[in-house]
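*Asks:* A single structure is presented below for examination.
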Amino acid sequence: MKKFLFALLAVILFATTAQAAQSVRIAHLQSLKRKSDTKLKFLTR
0 MKKFLFALLA
10 VILFATTAQA
20 AQSVRIAHLQ
30 SLKRKSDTKL
40 KFLTR
């Protein structure tokens, strides 16, 4: 029973870590896109 709980905890931890990493990556990509968009606006103005 203890092993099962430990495995469950490990899975939950892994899932939340993966989700956090993905949201960080998405936010990073969005900020990069915003930077390039502002650069384009500045150049095309």
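The sequence shown begins at 0 in numbering that gives the first Met the number 0 and counts up by one. Quick reminder that beta carbons are idealized off the backbone N, C-alpha and C, glycines included.
#1: May I have the straight-line CA-CA distance separating lysine 34 from threonine 16, to the nearest angstrom?
#2: Can you give me the start and stop residues for the alpha helix (DSSP H) that arginine 33 sits inside?
#3: By how many angstroms is the C-alpha of alanine 19 removed from the C-alpha of phenylalanine 5?
*Replies:* In brief:
#1: Inter-residue distance for lysine 34 and threonine 16 is about 27 Å (C-alpha atoms, whole angstroms).
#2: Segment 1-43, the alpha helix (DSSP H) holding arginine 33.
#3: Roughly 21 Å separates the two Cα atoms.
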